[in-house]
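Each remark here refers to the structure printed beneath this line.
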Amino acid sequence: MKTLPILAIAVGLGLAACAPTYTLVSPAPTLAAKGAIKVSPSLAWNRVPKGASNTKWEENWTRNGPVLDTLSFIGGLPDGEAITRQRRKDDQKVPVFRATMSPPDLVSMIESFYRIRAGASIFETTVVEPATFLGKSGLRFDFSYVGGDEVKRKGSCLMAIIDGKLYLMALDGTALHYFGAALPEFEAMAATATLG
Amino acid sequence: MKSAKLALVLTGALVLPACTSTKQMADVGFTPPEGNYRLLVMRPDVSVGLLTAGGSVEPREDWTDQARANIITALRKQQAGRGGAVKVASAREEVGGDPAMVADLERLHKAVGASIARHKYLGQKLPTKKDRFDWTLGRQAVAFGAASGFDYALFLHAEDSFSSTGRVALQAVSFLGCMVGVCIMPKGGQRSAYASLVDLKTGQVVWFNTLSSTAGDIRTPEGAEDLVDDLLGRMEPGAMAKSAETSTQKKA
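Sequence lines, in order, name chains G and F.
Sequential numbering of the first sequence, starting at 65, is according to our numbering.
Sequential numbering of the second sequence, starting at 25, is according to our numbering.
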């Protein structure tokens, strides 16, 4: 049995009081992911309120709404933890991070997250290359995928393992417009990001 | 048996007074299209289903097809009186251009519509868009406009559900519960819809309206006409972002 995705446009239902609050990120040097990563956005962003699937090492920003674009930070994820909060069912669990992971392992971990939790039916890796992130040797991983809503999206992810912990900064957005619109800002921020 | 059914329907009617609400938004400077504009109405995205006793909605293809056909007829009838050159597409192939590209544009619009709904209507406000209404479908929409010659594209999304007999019975039982102080009333079938107007010269969503209703039936021509009239009947200019937020509410 399939349920229709009833859109909850309930005008006047008074849900505003219960809604999570997005907060402004001003275009100025800013600490993200509990102060683990320092970035300097040139545009104003909106900090996404924490959700049930977020770990304490994660922080997300958006400009037009998470359905359209999301800038994610993971700051100092320890060995043995997953990049998202695990679910009880085994088929919903994602691989945990290990400090000894090789570049292919890290790429596989991200891909598994998208397939298991984002409902990606099609996932394609477009770029895997060495990169400098937070002043350390790391990895750049670009990809495209189609999620459960059939919208084509692209992603770009910079990762580095520093002192056995995972640091990550990623942009995810619709392949039409929103990913490309935010990419220059993402690349500029990533290039100048430092440890907090 | 007949009287029992009638009692259930009356109970439902008493508990859930039917009403329709709309709320439209437009960015600063928006004026409804007039003159010699060329408007393309995209194939409406419609889904209709059966609301089960348990609260899930089972999609019904026959109802969906019927509702979509009625909405297309209602759109043609309504837009014929608006002026401008209007084309209402009943299939993706009628839109023109590469069907795959059109499909991508439709899906992007659905995501943009969901974002507008969440961040402008459901209280999850984005501080950067506090006094602005500036979502876009981007360059692909502009390229589509240039290739097709249309000035605007109108998108319409509608979802509807109708209570099963079991759901109605559950509501009746719940109503009795209310009378003895235990009041948990399950919702009946309801409709939500939104429409957006995209300027194909800029790609911007320049006008947006939502509708929420517990009345009517879009599986009938009259119900579809009501939906189209409520959603598209009075397109407000956007003199100021704040004053362009207009709401209407009517009891059916």
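Yeah, the Cβ is synthetic: ideal placement off N, Cα and C, and Gly gets one too.
Note on geometry: alpha-carbon atoms of Ala-98(F) and Ala-104(F) lie some 10 Å from one another.
A distance below 6 Å between beta-carbons, with the five flanking residues on each side excluded, links Arg-111(G) to the following residues of its chain, in chain order: Thr-87, Val-89, Trp-125.
In the displayed model, Asn-124(G) falls within a strand according to three-state DSSP. Inter-segment contact for the segment 88-102 of chain G and the segment 109-117 of chain F is absent: fewer than three beta-carbon pairs are separated by less than 8 Å. CA-CA distance, Gly-247(F) to Pro-159(G), rounds to 50 Å. Exclusion of the five residues before and after Gln-148(F) leaves Arg-142 as the residues of its chain whose Cβ lies within less than 7 Å of its Cβ.
Contact between the segment 77-95 of chain F and the segment 127-144 of chain F is not established, with fewer than three Cβ pairs separated by less than 8 Å.
Distances from the CA of Leu-132(G) to each of Glu-188(G), Leu-107(G), Leu-240(G), Pro-248(G) were compared; the closest alpha carbon is that of Leu-240(G). Take the alpha-carbon of Asp-158(F) and the one of Gly-121(F): they are about 26 Å apart.
Less than 9 Å divides the Cβ of Phe-207(G) from the Cβ of Gly-219(G).
For Arg-127(G), the neighbours in chain F by C-beta distance under 7 Å run, in chain order, Thr-152.
Going by beta carbons, Phe-197(G) and Ala-246(G) fall outside the 9 Å limit. Around the beta-carbon of Arg-131(F), 16 or more other beta-carbon atoms lie within 10 Å, marking it buried.
Taking C-alpha positions only, Gln-90(F) is separated from Arg-215(F) by approximately 15 Å. In the DSSP annotation of this structure, Arg-258(F) is not part of any beta strand (DSSP E), being labelled neither H nor E. The straight-line gap separating the alpha-carbon atoms of Pro-167(G) and Cys-221(G) is approximately 12 Å. Of all residues in the segment 213-239 of chain G, only Asp-213, Glu-214, Val-215, Lys-216, Thr-238 place a beta-carbon less than 7 Å from a beta-carbon of chain F. In this structure, the alpha-carbon of Pro-93(G) lies about 21 Å from that of Lys-114(G). Close partners of Ala-184(G) in chain F (Cβ separation under 9 Å) are lacking, with about 15 Å as the shortest Cβ gap.
Residues of chain F with a Cβ closer than 7 Å to the Cβ of Asn-110(G) are, in chain order, Leu-150, Pro-151, Thr-152. The beta-carbon of Ser-139(F) is placed less than 9 Å from the nearest beta-carbon of chain G. The beta carbons of Leu-74(F) and Ala-165(F) sit no closer together than 9 Å. The alpha carbon of Ala-217(F) has as its nearest neighbour, out of Glu-183(F), Arg-243(F), Val-229(F), Thr-226(F), the alpha carbon of Glu-183(F). Under the three-state reduction of DSSP output, Lys-101(F) falls in the helix class.
At the C-beta level, Ala-177(F) and Val-222(F) come within 9 Å of one another. DSSP places Pro-248(G) within a helical segment (H, G or I) once states are collapsed to three. Taken atom to atom, the span from the alpha-carbon of Ala-93(F) to that of Arg-243(F) is near 9 Å. With respect to Ser-220(F), Phe-179(F) sits close: the two C-beta atoms are nearer than 9 Å. Contiguous beta strand (DSSP E) elements confined to the segment 201-243 of chain G occur at 216-226, 229-238, taking only those with 3 or more residues. Cα atoms of Thr-189(G) and Ala-182(G): separation of roughly 16 Å, rounded to the nearest angstrom. If you ignore the 5 residues before and after Ile-96(F), its C-beta comes within less than 7 Å of the C-beta of Pro-68, Val-112, Ser-114, all in its own chain and listed in chain order.
Listed in chain order, the positions of the segment 120-131 of chain F with a beta carbon within less than 8 Å of a beta carbon of chain G are Asp-128, Leu-129, Arg-131.
Here the alpha carbons of Gly-129(G) and Phe-54(F) stand approximately 23 Å from one another. Residue range 176-187 is occupied by the beta strand (DSSP E) that includes His-181(F). Unbroken beta strand (DSSP E) runs of no fewer than 3 residues, entirely contained in the segment 81-168 of chain F, are found at 81-83, 109-112, following chain order. Counting along the chain, no beta strand (DSSP E) covers Ser-106(G), and no H or E run does either.
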